[in-house]
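A quick write-up on the structure given underneath.
Following this line, the structure appears as structure tokens:
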């Protein structure tokens with residue numbers, strides 16, 4: 185009988201790794217409570233609960249965090265068009281803070297001395313979890329078995345885990361693991377490791393779980409309409425279904441269903457992890473991809489140019505990096521997000537989209553904001569515009585450039601060099 | 185017989201507008217030389233030359249600027265992943281500087297006192313042309329008829345132009361104009377004005393010129409391979425054709441042909457012009473779209489994380505804005521582009537792509553640069569990695585966040601609020 | 185008797201220029217109301233009122249805008265450490281928006297069709313005034329006589345103005361102008377033009393108005409204490425005077441008096457105007473200089489590193505440029521300032537300063553915020569710090585750099601070259 | 185007799201810490217070579233060499249790195265106006281890369297398996313040294329005794345070191361240490377730790393070593409002239425001495441001497457270390473402070489506005505952070521510095537300075553670059569400027585703001601609120 189080292193709240197997934205960790209923590213002398221978060225992943229929560237208790241968890245907690253995941257994490261990221269390294273929509277990064285907060289809440293209430301997780305020692309998620317824990321409860325203690333030599337040396341390789349599971353009577357569903365790892369939630373699924381570690385290996389067709397292959401998607405396009413208020417989706421109209429969705433979680437689910445059907449939202453990249461290692465990841469972010477296209481398009485119609493430029497260069501980039509690196513519970517995240525509402529006040533209107541075999545095509549957009557003025561931009565009428573004003577504008581804009589060109593010319597530096605020009609007269 | 189006011193070099197397109205401007209300039213007392221640039225647009229140059237001389241141009245110049253367009257303008261933009269407002273690949277912006285330089289060169293050689301163009305007074309291109317003129321030759325004088333009241337009041341509307349053309353014996357091919365304006369070059373075609381001024385009008389199918397509609401594209405995907413050296417495309421392999429392209433202009437043309445076939449590169453946006461007016465534009469940038477996807481993907485494999493982040497936030501954004509606003513011949517453009525080579529030294533390797541109905545899908549990538557290390561990133565082996573190091577890393581990273589959280593807690597501000605958590609034991 | 189062209193509200197200074205403009209506007213057929221703003225400049229307002237009415241103004245308005253100048257304009261600039269081109273504290277830029285708003289308010293109430301000002305056609309202030317007018321009341325009409333050829337050609341040179349003043353019975357106090365122009369308010373005074381146009385001319389001693397020369401300042405230093413809450417000064421303690429100041433306007437005035445005495449706040453620069461012209465300006469910003477030193481110092485003690493870095497690169501630079509270019513009443517200004525409060529929540533505490541002959545020297549600072557931890561940073565005790573953590577931190581930080589160095593070495597590129605090293609053994 | 189664990193190159197200072205480390209490394213079984221860098225600090229190198237060899241070093245190396253310190257490290261930082269957190273000129277950060285490179289060069293030549301240093305486990309310098317080592321020679325092994333528990337636990341506190349020194353026959357000059365730590369080089373000296381750990385303690389007068397107190401500086405100002413080419417100082421003229429300095433190292437020394445005399449270059453701050461700990465530091469950067477003032481001033485006269493703005497926001501900030509955090513040997517440093525030459529091509533001319541009791545006052549500047557044009561900026565003449573152009577410029581600039589204001593008005597949001605305005609008529 186081991187000594188009682190204290191109470192641990194373990195982020196439990198129901199899989200082989202965290203089940204073994206659960207057993208090992210008990211073996212090490214801890215009392216273990218198991219915690220699962222429902223952030224929209226497909227999961228047999230009842231089976232997981234049963235399994236956790238069977239393996240030895242004293243208590244099991246299931247937190248439905250879908251709504252706060254959507255409204256607190258996903259929404260600001262949508263408003264700010266967050267993206268990491270031009271491609272990755274941050275699906276896993278967005279879920280970690282709500283899960284970590286859910287855990288700290290239970291750990292607080294239940295008097296847990298420790299929190300624990302099954303993340304590997306090379307990835308981003310350990311960092312995201314732990315920085316979130318510390319940012320919420322700076323005196324919490326963390327047990328990360330995959331960074332503890334006694335654990336990772338003992339359980340090097342899946343065989344060692346399977347053997348331990350057998351010894352501990354831990355039920356195992358698959359003795360052969362999929363040749364990649366996944367993380368799934370309402371926003372996306374990620375695939376990494378295993379055969380994907382060769383960046384030149386094309387992911388097999390049967391890997392992709394949340395979307396139809398574009399080749400297998402319907403041969404007819406489907407039209408939908410998205411409505412935004414303050415940069416947030418407030419309605420999805422799906423004429424084919426004769427349906428409208430207005431609830432935040434339902435909007436997301438509906439967009440996921442539509443994108444899944446039409447093969448939208450797959451990416452395959454090599455990214456740079458926070459710890460400085462390059463890593464290959466494949467992701468499906470179905471509904472989020474549609475939402476991003478629509479939101480950015482509506483901003484074209486409704487957002488002031490200079491606000492957009494400043495937001496793109498700072499808010500978008502800063503918030504994306506903060507989310508990726510796990511700095512959600514930080515003063516800089518509060519600072520960066522504090523400016524988002526001001527940027528989205530005018531982002532009101534609708535966007536009409538065509539979904540077709542991997543493509544999200546904007547077919548039109550409309551708003552009553554009034555920043556777009558067809559008469560003003562028209563090439564067919566003056567619309568109150570004085571063309572002579574532009575002459576003054578260009579003249580002033582050229583002052584600085586002329587001075588520079590004169591200065592270069594005075595030094596004998598010319599911008600013009602001989603080109604192939606053929607003349608006739 | 186009007187007085188001789190001097191010699192004008194006119195940017196001539198062969199169309200109704202610039203033909204009327206040509207005639208009007210002569211009427212106003214100028215001697216006019218006509219200038220056309222071949223930047224890859226589909227054009228009957230011989231017919232245009234004939235027409236210009238017939239209308240009264242004293243000389244006609246045709247400059248083949250395709251190669252310098254590709255190597256001097258497009259290439260740095262590809263290396264820097266330039267994009268305006270997240271969507272527009274800057275096709276027109278990229279061509280203006282080489283055209284303007286071609287004109288200044290001819291104006292210099294031929295002793296022209298003026299340069300002239302047919303751009304409207306509300307658009308970006310007048311600014312791009314004129315700032316380029318002034319940045320190359322600060323004492324050049326510019327005649328912009330669409331900003332001269334005597335001109336734009338006299339020729340308000342197409343009918344007035346048609347009537348003037350009839351009077352001046354200017355041959356007119358289409359008495360009914362297309363309900364939009366276009367600008368075409370090797371990189372792209374743009375559509376704006378006319379029916380597109382309502383941002384909620386879906387562009388008609390027959391507008392799109394450079395690409396097949398995704399719906400009409402082949403039902404089978406096609407695979408190609410792109411090779412890059414220092415971030416520039418050096419080879420396109422098209423297995424279906426059993427062909428390879430290695431010349432800069434041919435690479436671009438080959439990618440255009442492939443993208444056209446597979447319906448790749450259409451966009452439809454509302455953008456913010458330099459003069460502060462919102463404007464709706466549709467664009468086809470076929471080959472450029474493929475190139476962008478491939479280049480960004482290879483950067484994932486081969487570019488250092490911090491270089492990428494700095495380049496994205498600084499070079500990409502600054503250069504895109506400089507190009508869009510017509511500041512190519514400026515000290516800030518020289519400053520910004522001077523850092524590009526250093527950012528692309530490691531961007532060497534190949535990218536394998538699948539083209540299918542509007543989609544450019546990365547299927548794999550390879551490089552000998554060695555910044556990606558499968559063993560290091562592997563979840564299955566340590567690969568020289570010490571997991572305990574990450575504990576130290578997280579510990580140091582959390583110092584600042586813990587202090588902040590303690591400070592908040594001392595003020596009674598908690599980051600954790602009640603959530604829906606259901607527990608069992 | 186001229187026709188009645190409408191009612192104009194004129195920004196009136198009481199000087200020769202705006203008095204002549206007043207008379208000229210009447211001559212041109214306008215009914216003129218005169219407007220003066222008290223933003224803390226030294227001025228005989230009663231005399232100016234009398235003069236305006238004598239010259240022919242139908243009404244005279246004096247708006248005391250000192251408090252809103254301090255609390256609405258200066259305070260956010262202090263919180264964000266605003267500065268233009270590393271040196272200029274933006275004193276004139278900060279005053280223009282409150283003056284413009286005061287004018288629009290009166291123009292609205294009094295049914296004025298126009299606003300007018302006496303700014304020259306080459307400067308920043310015309311832009312700042314007019315963009316503020318348009319941002320507040322987009323349909324206001326502006327009369328800028330110094331940009332109207334009939335005016336500026338007629339009144340080219342001071343002699344023409346003096347002659348007109350004589351004709352119009354406008355009282356003139358100085359027939360010989362100072363050889364520079366000034367703009368003064370509670371925050372600063374600017375000097376430009378005249379003899380200062382040669383950037384190599386040292387400003388004469390008698391030009392400086394708001395500060396003692398450092399050479400003439402007291403030979404003994406003086407100590408003061410500044411207290412901040414949320415990044416704003418809430419108290420100035422002046423032990424020598426046995427006084428404390430807590431009112432916003434009084435704090436500013438007290439700091440001005442102290443800085444004046446000790447020769448603090450002079451600068452002399454060549455700056456870049458919004459219109460692209462380089463211009464030489466000298467400025468005295470006495471109290472503002474002390475405030476800036478103290479605020480930045482306290483941020484060192486109390487502001488999170490990452491918030492500070494993001495704020496410096498984004499908020500400070502963006503807001504400074506917005507203010508300088510006259511974009512105060514704009515969506516981007518609202519966007520940028522919306523993030524300031526979040527950045528200043530922890531900037532609470534006191535700073536102890538020594539003022540001495542042009543120097544503002546920090547002698548110490550204190551705060552109860554708790555982000556600084558003497559034990560943690562101590563070199564003499566561990567203070568809960570695990571030095572081994574840093575080993576992990578450095579190890580992780582070096583992953584990326586080692587990969588890069590290996591990649592360079594594989595290409596035969598070495599970072600080490602021969603240096604002069606002498607060895608003994 | 186301990187086993188031979190290999191050869192170590194130790195960064196040796198001659199002080200108590202590194203002498204004890206030298207002895208301890210020998211005790212631990214290493215063969216130790218001692219390395220000293222001359223980066224301009226005041227030091228008895230001969231005594232240090234003698235001491236190192238006496239304590240047991242097998243070889244001693246002295247590298248004179250002053251010139252490369254100035255030309256390779258300091259110069260780009262001067263050109264880019266590098267500064268950390270608005271105040272710190274990076275003196276220590278700049279020296280570390282050249283010292284580390286000197287060590288790696290010797291380690292390479294002499295076949296050392298390890299490098300070692302005496303930096304503490306909480307500071308920046310350990311990170312700067314080690315990241316530099318790894319960036320130059322990724323397989324080098326580092327021994328950092330102050331992060332090795334057996335060392336830091338054994339030698340906790342100065343007494344333990346003194347006792348060990350006595351046991352090991354290590355000569356000790358001061359048995360009572362100064363109540364702060366210092367790091368000195370040609371650029372600056374830093375003071376931290378000890379009594380300075382209370383940020384509210386005013387540094388004692390006798391701490392400051394490189395500068396006279398402003399109170400004690402001469403009562404008469406001294407004028408000097410600095411000449412720059414491409415943003416680098418090429419000549420210092422000191423009329424009082426009837427001397428000119430043109431050699432890079434001599435220029436720096438001369439400026440140090442002048443600044444020392446006139447009390448220029450002291451700062452006292454709380455800064456944020458790379459590891460996230462706040463730390464109080466005092467610094468004297470005498471010559472560097474003069475150089476910075478002069479360089480920035482000349483940029484006002486000679487550098488294009490947009491280049492300056494981009495450089496300030498990116499190059500300056502990025503390079504300062506890179507230097508501070510010890511990322512000098514990195515791809516991002518190469519990227520960032522690659523753009524500096526392009527930014528400095530026009531920074532040619534002279535600056536006239538007055539030095540007086542802590543103040544560096546610009547009295548004038550001159551350049552033949554021609555970007556400044558007195559006639560153009562003049563308020564007294566048009567100088568080729570058309571004031572009507574500005575009307576067009578403002579009109580175009582206001583388009584966007586008017587639209588925004590109209591949009592706000594349409595929603596019933598007004599920018600104007602009631603203020604205290606008193607009117608008379």
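Residue numbers (our numbering), protein chains in the order written: chain F, 185 to 609; chain V, 185 to 609; chain L, 185 to 609; chain S, 185 to 609.
Virtual Cβ for every residue (Gly too), placed ideally from N, Cα, C.
Notebook entry, point to check: Does DSSP put residue 417 of chain S in a helix, in a strand, or in coil?
Noted result: Three-state result, residue 417 of chain S: strand.
Check: What runs of the beta strand (DSSP E), each 3 residues or longer, lie entirely inside the stretch 549-592 of chain F?
Finding: If we require 3 residues or more, the stretch 549-592 of chain F turns out to have no beta strand (DSSP E) run fully inside it.
Item checked: Secondary structure of residue 410 of chain L, DSSP reduced to three states -> It is a strand residue.
Margin query: Quick check on residue 543 of chain L: does DSSP put it in helix, strand or coil?
Written below: Three-state result, residue 543 of chain L: strand.
Next item on the list: Pick out the complete alpha helix (DSSP H) segments inside the stretch 476-511 of chain L, 4 residues or longer, and give them in chain order.
Entry: Listed in chain order, the complete alpha helix (DSSP H) runs (minimum 4 residues) inside the stretch 476-511 of chain L are 489-494 and 501-508.
Margin query: At the 8 Å Cβ level, is residue 592 of chain S part of the contact set with chain V, yes or no?
Written below: No, no contact with chain V.
Next item on the list: Return yes when at least one heavy atom of the ligand NAD lies under 7 Å from the C-beta of residue 290 of chain L, else no.
Entry: Among the components of this structure there are no ligands whatsoever, and the ligand NAD is therefore not found.
Check: Under the rule that 16 or more other beta-carbon atoms within 10 Å means buried, what is residue 486 of chain L, buried or exposed?
Finding: It counts as buried.
Note to self: Distance check for residue 354 of chain L and residue 348 of chain L, CA to CA, integer angstroms please.
What the structure shows: Their backbone Cα atoms lie some 8 Å apart in a straight line.
Item checked: Assumed close pair residue 213 of chain V, residue 571 of chain F - CB separation to whole angstroms, cut-off 8 Å -> Contact flag wrong, Cβ pair sits at about 22 Å.
Note to self: Could you give the first and the last residue of the continuous alpha helix (DSSP H) run that contains residue 516 of chain V?
What the structure shows: Under the DSSP assignment, residue 516 of chain V falls in the alpha helix (DSSP H) whose first and last residues are 515-521.
Item checked: residue 220 of chain F - containing beta strand (DSSP E), residue span -> In this chain, the beta strand (DSSP E) harbouring residue 220 of chain F covers 214-222.
Item checked: Contact set between residue 491 of chain L and chain F, taken where Cβ atoms lie within less than 7 Å -> Within 7 Å Cβ-Cβ: 515, 516 and 519.
Notebook entry, point to check: Which value, in whole angstroms, describes the spacing of the CA atoms of residue 233 of chain S and residue 219 of chain S?
Noted result: The straight-line gap separating the alpha-carbon atoms of residue 233 of chain S and residue 219 of chain S is approximately 9 Å.
Notebook entry, point to check: Counting pairs of beta carbons, one from the stretch 247-259 of chain L and one from the stretch 448-467 of chain L, are three or more of them closer than 8 Å?
Noted result: No, the stretch 247-259 of chain L does not touch the stretch 448-467 of chain L.
Item checked: CA-to-CA distance, residue 530 of chain L to residue 411 of chain L, given in whole angstroms -> Going by the C-alpha atoms only, they are around 13 Å apart.
Check: From residue 512 of chain S to residue 505 of chain S, what distance separates their C-alpha atoms?
Finding: If you take the alpha carbons of residue 512 of chain S and residue 505 of chain S, they lie about 10 Å apart.
Note to self: Does the stretch 575-588 of chain V come into contact with the stretch 257-270 of chain L, if we say contact requires no fewer than three beta-carbon pairs (one atom in each stretch) closer than 8 Å?
What the structure shows: No, because fewer than three Cβ pairs between the stretch 575-588 of chain V and the stretch 257-270 of chain L fall closer than 8 Å, the two stretches do not touch.
Next item on the list: Return the residues of the stretch 253-274 of chain F that lie within a Cβ-Cβ distance of less than 8 Å from chain V, sorted by chain order.
Entry: Residues passing the 8 Å Cβ filter: 265, 269, 270 and 271.
Margin query: Taking the beta carbon of residue 575 of chain V as the centre, do at least 16 other beta carbons fall within 10 Å, making it buried, or is it exposed?
Written below: Its Cβ being crowded by 16 or more others within 10 Å, residue 575 of chain V is buried.
Notebook entry, point to check: Since residue 465 of chain V contacts residue 374 of chain V with CB under 8 Å, what's their CB separation in whole angstroms?
Noted result: Their Cβ separation, rounded to whole angstroms, is 6 Å, which keeps residue 465 of chain V and residue 374 of chain V in contact under 8 Å.
Note to self: According to DSSP, is residue 195 of chain F part of a helix, a strand, or is it coil?
What the structure shows: Three-state result, residue 195 of chain F: strand.
Notebook entry, point to check: Helix, strand or coil: how does DSSP classify residue 204 of chain V here?
Noted result: Three-state result, residue 204 of chain V: helix.
Item checked: C-alpha gap between residue 221 of chain F and residue 462 of chain S, whole angstroms -> Between the alpha carbons of residue 221 of chain F and residue 462 of chain S lies a gap of roughly 36 Å.
Checklist line | Classification of residue 438 of chain S by the beta-carbon crowding that lies within 10 angstroms, buried from 16 upward | finding: It is buried - the Cβ of residue 438 of chain S has at least 16 other Cβ atoms within 10 Å.
Checklist line | Partner residues on chain V for residue 579 of chain L, Cβ-Cβ distance less than 8 Å | finding: The contact set of residue 579 of chain L on chain V, defined by CB atoms closer than 8 Å, consists of 570, 573, 576 and 577 in chain order.
Item checked: Spatially closest choice to residue 297 of chain V from V/193, V/385 and V/202, by CA coordinates -> Nearest Cα to residue 297 of chain V within the set V/193, V/385 and V/202: V/193.
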